[in-house]
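Chemist:
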Amino acid sequence: VPEDGINSLKDALTKAPLFMEYANSPQYKPLSKFAEDLDGLPKAWSTHAGGVIIGQRPLVECVPLRRDKDGVLVLEYEKKRAEKNGFVKMDLLSISNLDIINDTIDIIKKNKKTVKREDIEGYDNNDEETYKLISSGDTFGVFQLGSSGGAIELSKQMKPKSIEDLAMLTAIIRPNAADIRKEFIEARHSEQQ
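Numbering-wise (the working numbering), the sequence shown opens with residue 7 and increments by one.
Next up, the structure:
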């Protein structure tokens, strides 16, 4: 349904003039009953990249399951229905940057070097050159900042200068913050002047 503020067929039937005209026309009126029955139903199957369902019994005993295109067993419920039926949904997304760090340590060890904990943890939170790179958008391989054009562009707009700025940046990158990004960036820059 193409108009802002209209989230369902029921809304469209009362708030979208062009849609109302079509829905009430003799040609389409018989279809409206079927459309109302379909409204809100899932439109396609999909598998959550990191969604894991936890139950008290083996899932094959108590919920509908299917195999996805890769042969992985997946639950036929979406999150709300799973939770309503007493299951817990966890999001366990992998972080490729951790693999990169582990691979780097393995390479160092293969070259007969030692890796001390302080070598990994002893970084400088106030390294100006690091913040210059992030502020210029040179963030390839940087967790949460180097994987999408939106994150890179926000890094360039915000120009972080501290670990606190990075925390704000990673928060404002989240999809739920999309509506306030421009206002946030403007307020931040006016505050710095």
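Where a beta carbon is used, it is the ideal one built from N, C-alpha and C, also for glycine.
In whole angstroms, give me the CA-to-CA distance for residue 12 and residue 19.
Modeler: Those two C-alpha atoms are separated by around 10 Å.
Chemist: Taking the alpha-carbon of residue 56 as reference, which of 78, 39 and 45 has the nearest alpha-carbon?
Modeler: The option with the nearest alpha carbon to residue 56 is 78.
Chemist: Our contact map puts residue 137 next to residue 166 with C-beta atoms below 8 Å; I'd like the distance itself, whole angstroms only.
Modeler: Residue 137 to residue 166, Cβ: 6 Å. Contact.
Chemist: Provide the residue span of the alpha helix (DSSP H) that contains residue 175, from first to last.
Modeler: 169 to 179 is the extent of the alpha helix (DSSP H) around residue 175.
Chemist: My output table needs one value for residue 121: the three-state DSSP class, helix, strand or coil.
Modeler: Reduced to three states, the DSSP call for residue 121 is coil.
Chemist: Kindly list the residues whose CB is nearer than 6 Å to the CB of residue 7, restricted to its own chain and excluding five residues on each side of it in sequence; keep chain order.
Modeler: Residue confidence for residue 7 is low, a pLDDT of 48 falling below 50, so the modelled location carries little weight; the figure read from the coordinates is stated next. Answer for residue 7: 18, listed in chain order.
Chemist: Run through DSSP, which three-state label would residue 60 get?
Modeler: In the structure shown, residue 60 sits in a strand (DSSP, three-state: E or B).
Chemist: Going by Cα to Cα distance, which pick from 68, 169 and 114 is closest to residue 130?
Modeler: Looking at the Cα atoms, 169 is the closest of the given residues.
Chemist: Measure the CB-CB distance between residue 82 and residue 71 and report whether it falls below 8 Å.
Modeler: Closer than 8 Å, so yes.
Chemist: Return the CA-CA distance between residue 171 and residue 90, expressed in angstroms with no decimal places.
Modeler: Roughly 39 Å between the two C-alpha positions.
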